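Worksheet: the structure to be examined is printed underneath.
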Amino acid sequence: MLLMLDVDGPLNPYAAKPSKRPAGYRTFRYTRSGGWHTGRDARRYRGLRVWLNPDHGPALRALAADTGLELVWATTWMHLANELVAPAIGLPPLPVVEFPDYGSGWRPDGEWKWRAVAEFAAGRPLAWLDDELDAWSGARTAFDAERAGVPTRLCAVDPRLGITPEHLDDVRAWAAGL
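Counted from 1, the sequence shown has number 189 at position 160 by my numbering; the numbering is strictly sequential.
Structure representation (structure tokens):
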């Protein structure tokens, strides 16, 4: 059983008010040169602003321990999630869904992500925390058809709020019912 994790949206509420960091989150900056800065350094550097909540790591580890779910990155951060995000929130290195089509340019149909997750899961039950689960209906329809009969819980996360205790409770209840 798998719990797929996206970074931007679920763990990084990027759509929250840009001038107000959400409570409990820390600011990080990822620079073009590959720098990863936090604290005062996050204010000194230009780059991608990332908000991460250090409480998410222990909560996700507890969820995995309680349910037997294996945590897996399903994010365009791919291996950078293990290098940067995981240590920032207290997660160990996790398996990574590879998105081979992503490197050749983002495709607006979202098919690349749905297909890669389905292939990685290979018929295993999965829960997936992502903020774009309703974005591409055609890709979603193909995913649902491929996974027909396989327990699947798609948990849409508001990218203004990130993962909430309700999301984790929902996944826990779903896993308990398997």
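Note that beta-carbon positions come from the ideal geometry of N, C-alpha and C, so glycine has one too.
Bear in mind that the values here come from a model prediction, so they are computed numbers and not experimental data.
CA nearest to the CA of residue i, picked from the options
i      : options                           : result
Asp198 : Leu120, Thr96, Lys142 and Arg144  : Thr96
Val200 : Arg73, Leu89 and Gly63            : Leu89
Phe149 : Val125, Ala171 and Thr170         : Val125
Thr193 : Ala205, Pro51 and His108          : Pro51
Leu181 : Ala205, Ala115, Glu195 and Leu109 : The sequence shown places Thr at residue 181, rather than the Leu named in the question. Of the candidates Ala205, Ala115, Glu195 and Leu109, the one whose C-alpha sits nearest the C-alpha of Thr181 is Ala205.
C-beta atoms of residue i and residue j nearer than 7 angstroms
i      : j      : result
Leu98  : Leu158 : no
Ala147 : Glu175 : yes
Trp102 : Leu34  : yes
Gly76  : Thr60  : yes
Gly86  : Leu120 : yes
Leu207 : Leu183 : no
Glu140 : Ala168 : yes
Asn111 : Trp80  : no
Pro188 : Tyr54  : no
Leu113 : Trp65  : yes
Arg58  : Ala45  : no
Ala145 : Phe172 : no
Val179 : Thr104 : no
Bridge-paired residues (DSSP) for residue i
i      : result
His66  : Arg58
Glu99  : Leu31
Asn41  : Asp37
Ala156 : Leu32 and Arg182
Trp80  : Thr56
Val125 : Trp102
C-alpha gap between residue i and residue j, whole angstroms
i      : j      : result
Ser166 : Leu155 : 19 angstroms
Thr56  : Asp160 : 20 angstroms
Trp143 : Asn82  : 26 angstroms
Asp84  : Ser48  : 22 angstroms
Met30  : Arg78  : 32 angstroms
Arg73  : Arg153 : 44 angstroms
Ala177 : Trp203 : 17 angstroms
Ser62  : Thr170 : 39 angstroms
Ala164 : Pro116 : 29 angstroms
Ile118 : Leu190 : 17 angstroms
Whole-angstrom C-beta distance between residue j and residue i, which should lie under 8 angstroms
i     : j      : result
Ala91 : Leu100 : Contact doesn't hold; Cβ gap of about 11 angstroms is too wide.
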